[in-house]
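Data block below; observations after.
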Amino acid sequence: MPEITLTVHHKVGLHARPAALFVQTAKKFDCDIKVTHGKRQANAKSILNVLALGVNQGAVIAICAEGEGADQALAALEALVESNFGEDRENE
Amino acid sequence: MKTLRGIAASRGIAIGPAFHFRRADLCFERRTVDDPAAEWARFQCALKAACEQLADVYAKAQAESGDEQAAIFQAHALMLEDPELLDAVQASIVDQGINAEAALSDAAEMYAQMLESLDDDYLSARAADVRDVATRVLRILLGVAESPTTGLDTPSLILARDLTPSDTVLLDKSLVVGFCTAEGGATSHTAILARGLGLPAVVGAGPDVLQIPDGTLLVLDGDEGALLTQPDGDTVARYRAQQTATAALLTEARRHTHEPAVTRDGHHVEVAANIGNVEGARAALEAGAEGVGLLRTEFLYLERTHLPDEEEQYQAYRAIVDTFGDRPVILRTLDVGGDKSLPYLDLPDEMNPFLGLRAIRLCLARTELFKPQVRAALRAGAGRNLKVMFPMVATVAELRAARAMLEECRAELLAEGQPVAERMDVGIMVEVPAAALMADQLAAEVDFFSIGTNDLAQYTLAVERTNARVASLASGFHPAVLRLVHDVIAAAHARGKWVGLCGELAGEPLAIPILLGMGLDEFSMNPPAIPLAKQIIRALTLDHLQAVAQAALEMDTPEAVQSLVRERVPATAAG
Chain A
0 MPEITLTVHH KVGLHARPAA LFVQTAKKFD CDIKVTHGKR QANAKSILNV
50 LALGVNQGAV IAICAEGEGA DQALAALEAL VESNFGEDRE NE
Chain B
0 MKTLRGIAAS RGIAIGPAFH FRRADLCFER RTVDDPAAEW ARFQCALKAA
50 CEQLADVYAK AQAESGDEQA AIFQAHALML EDPELLDAVQ ASIVDQGINA
100 EAALSDAAEM YAQMLESLDD DYLSARAADV RDVATRVLRI LLGVAESPTT
150 GLDTPSLILA RDLTPSDTVL LDKSLVVGFC TAEGGATSHT AILARGLGLP
200 AVVGAGPDVL QIPDGTLLVL DGDEGALLTQ PDGDTVARYR AQQTATAALL
250 TEARRHTHEP AVTRDGHHVE VAANIGNVEG ARAALEAGAE GVGLLRTEFL
300 YLERTHLPDE EEQYQAYRAI VDTFGDRPVI LRTLDVGGDK SLPYLDLPDE
350 MNPFLGLRAI RLCLARTELF KPQVRAALRA GAGRNLKVMF PMVATVAELR
400 AARAMLEECR AELLAEGQPV AERMDVGIMV EVPAAALMAD QLAAEVDFFS
450 IGTNDLAQYT LAVERTNARV ASLASGFHPA VLRLVHDVIA AAHARGKWVG
500 LCGELAGEPL AIPILLGMGL DEFSMNPPAI PLAKQIIRAL TLDHLQAVAQ
550 AALEMDTPEA VQSLVRERVP ATAAG
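Sequence order for the protein chains is A and B.
Counted the way numbering that gives the first Met the number 0 counts, the first sequence spans residues 0 to 91.
Counted the way numbering that gives the first Met the number 0 counts, the second sequence spans residues 0 to 574.
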């Protein structure tokens, strides 16, 4: 099962708008996607699950995907997080 | 035709169709269903409707308030579609046969509590979002209108269990002809709101009020405290005639409202207004107020997320004082705590808020709250006729501490080179029985008193006026209250100080003769009550009223007091 590890640089972490974008991106794919932060794991398509991970700025998350389009899903999520959710990174 | 009886809370006749103000009462029973698949389908239908509502709300919010506000509803939509939440709901419905309302409520509450348990302010706030989303779907499942006022599109008589201040924010006042509530007393929020708007109201009319179908033609008699359902044509015609006659009387009173209130024997009393913001100041001037007897300052503090700073307060007070030119304006310092809470102050819940850390007690305990207000008042009073008074003073020590704060602020402002009021009259609200009983001592250290009869009645009769089961006992006409009022006026006059009254009693046609007879100097009331109050005062003779006031003190019940006035002062019947 493919897995990637990323650092969330956004100043609000995986909350608010970044969390919404993250979930919306994950929902475009049919495969199962899990996000892990510390000991907690979440369904990447569940906003409630993702919020409850409590991912703050600078936290490291692992994402794994299984099923149809798993690789594309991971690539899309990686691009989203790496682009700082489409925002400038001046506030890091 | 059927007649419901309640408490006459605000005068006048209202005729119009019934409209129920239904606060989202989302009670449901937990049950098992016979056909779980159908129940799941019912849930999905409600979910779809909720998503459509959210899309509308999102578009509206985006157009009205911009992307940031709208994003909240986008997040709500994501929560509605949350696969984990929906799985939990589906499992409860399909596997356990639980009804949709209970299944959704359980799942949402589980997530809300999980978010709250994470000890993070942002996530705790999201718990409220989860509950809000669930509520939206619950409303649809239960067939409850989205807002309590959805469908209010024609002038109507508002029916409710009781109304809170936040409920009334939702009401488009131009579509309200009157109010009738099942609960509440003469000093309930509904009653106060109605009098403030000059709309007729009957409160405490019992649970039958809630059974009246929407749209039923109603006649409400705010003078007699009656609500008539499905009145016949003759009855409606009779009340319409009465409405017209009252309107004519009011028109006459309004025509003379800018003339002073002088009794037949040449005694002038000041008729002032109770106001709570700048718009109120304008309404007061139009109504013929000779000043402001009570400027409530809570408007600056409520419905916001942080304390107003000194400058903001200064600007607001200055704007109001300027509206009145040379006429006196009495600013009451912050009266919150207890039942009026400010979320950003983080005040602990109290068992007995009316007996708790409220008003001057809170201000003296939290100087960061008090000081900016006192400084703003001193600045706003520079070159103007602004006075201050402190609410809920119970002891001489509190008065001294508050005065010391005033002097401290004055010294600071002078040192900073700011213009301040050279002299500012200082008074207290007399609303605690201890203050009324100690009025002779307190009078030595104030420039004036203002009697707050709503709270004075509550504390004297040991009646919490927001408690519908006992509220009707808290009448300002009670001889116990009137005796205190009488003694306070006498104690102040003995020391050459003047006394005002800013409770509901000041604008009551039946109370005015008694208060005049006791020698009250200033009557302060909601602006709509001013024209009639002045008209009544002009029809009275002070000489005759002193005996009436004395007789009132010897009565045994509030009703006996009212009957006495009706009998001995016919001029009040006009009101």
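Here a beta-carbon is modelled for each residue, glycine too, at the ideal position from N, C-alpha and C.
So is residue i in contact with chain B if we call contact Cβ pairs under 9 Å?
| i | result |
| --- | --- |
| L47 of chain A | yes |
| G68 of chain A | no |
| K44 of chain A | yes |
| Q71 of chain A | no |
| H14 of chain A | yes |
| V22 of chain A | yes |
| V7 of chain A | no |
| A51 of chain A | yes |
| V11 of chain A | yes |
| A64 of chain A | no |
| A19 of chain A | yes |
| N90 of chain A | Confidence at N90 of chain A is low in this model, with a pLDDT of 43, below 50, so its placement is unreliable and the value that follows should be read with caution. So no, N90 of chain A is outside the interface. |
Given this structure, state the Cα-to-Cα distance separating residue i from residue j, to the nearest angstrom.
| i | j | result |
| --- | --- | --- |
| L227 of chain B | L219 of chain B | 6 Å |
| A64 of chain A | A41 of chain A | 12 Å |
| R29 of chain B | K59 of chain B | 35 Å |
| R365 of chain B | D321 of chain B | 29 Å |
| Q314 of chain B | D334 of chain B | 20 Å |
| R16 of chain A | P371 of chain B | 37 Å |
| E269 of chain B | G499 of chain B | 9 Å |
| E558 of chain B | A87 of chain B | 60 Å |
| K47 of chain B | D118 of chain B | 33 Å |
| T215 of chain B | G11 of chain B | 20 Å |
| R482 of chain B | T540 of chain B | 22 Å |
| E38 of chain B | E80 of chain B | 18 Å |
| Q241 of chain B | V568 of chain B | 22 Å |
| I450 of chain B | V392 of chain B | 11 Å |
| L151 of chain B | Q52 of chain B | 19 Å |
| Q440 of chain B | I329 of chain B | 22 Å |
| A62 of chain B | V291 of chain B | 40 Å |
| L248 of chain B | A283 of chain B | 20 Å |
| N276 of chain B | R317 of chain B | 11 Å |
Go ahead and label residue i buried or exposed: buried means 16 or more other beta carbons lie within 10 angstroms of its beta carbon, across all protein chains shown.
| i | result |
| --- | --- |
| Y343 of chain B | exposed |
| S173 of chain B | exposed |
| C44 of chain B | exposed |
| Q312 of chain B | buried |
| Q545 of chain B | exposed |
| G5 of chain B | buried |
| R39 of chain A | exposed |
| K44 of chain A | buried |
| Q95 of chain B | exposed |
| V59 of chain A | exposed |
| K496 of chain B | buried |
| N351 of chain B | exposed |
| H267 of chain B | exposed |
| A54 of chain B | exposed |
| R464 of chain B | buried |
| M517 of chain B | buried |
| S116 of chain B | exposed |
| T250 of chain B | exposed |
Residue i CB to nearest chain A CB: under 9 Å?
| i | result |
| --- | --- |
| Y110 of chain B | yes |
| G574 of chain B | In this prediction, G574 of chain B has a pLDDT of 43, which is less than 50 and means its spatial position is unreliable; nothing more can be read from the coordinates. |
| L137 of chain B | no |
| A69 of chain B | no |
| Q73 of chain B | yes |
| M437 of chain B | no |
| L151 of chain B | no |
| L103 of chain B | no |
| L46 of chain B | no |
| L117 of chain B | yes |
Can you name the residues of chain E whose CB is closer than 7 Å to the CB of residue i?
| i | result |
| --- | --- |
| M113 of chain B | Checking the listed chains, one finds no chain E in this structure; the protein chains it contains are A and B. |
Requested in this report: Return the residues of the region 120-135 of chain B that lie within a Cβ-Cβ distance of less than 9 Å from chain A, sorted by chain order.
Outcome: Y121, L122, R125 and V129
Report task. Give, in chain order, every residue of the region 77-94 of chain B whose Cβ lies closer than 7 Å to some Cβ of chain A. Result -> Going along the region 77-94 of chain B in chain order, one finds L77, M78, D81, P82, E83 and L84 with a Cβ nearer than 7 Å to chain A.
Query raised in the report: Between the region 100-111 of chain B and the region 126-136 of chain B, do three or more beta carbon pairs fall short of 8 Å?
Result: With three or more CB-CB distances shorter than 8 Å, the region 100-111 of chain B counts as touching the region 126-136 of chain B.
Query - Interface positions of the region 238-271 of chain B facing chain A (Cβ-Cβ less than 7 Å), listed along the chain - result: The region 238-271 of chain B vs chain A, Cβ under 7 Å: nothing.
**Report entry** Sufficient close CB pairs (3 or more, under 8 Å) joining the region 86-100 of chain B to the region 1-21 of chain A
**Finding:** No: the two stretches stay apart, fewer than three of their Cβ pairs being nearer than 8 Å.
Report task. Return the residues of the region 386-416 of chain B that lie within a Cβ-Cβ distance of less than 8 Å from chain A, sorted by chain order. Result -> Correct list: empty, as no residue qualifies.
Query raised in the report: Does the region 518-529 of chain B come close enough to the region 296-312 of chain B that 3 or more CB-CB pairs lie under 8 Å?
Result: no
Query raised in the report: Touch check for the region 191-200 of chain B and the region 469-485 of chain B: three-plus C-beta pairs under 8 Å?
Result: In this structure the region 191-200 of chain B does not touch the region 469-485 of chain B; the number of beta carbon pairs closer than 8 Å is below three.
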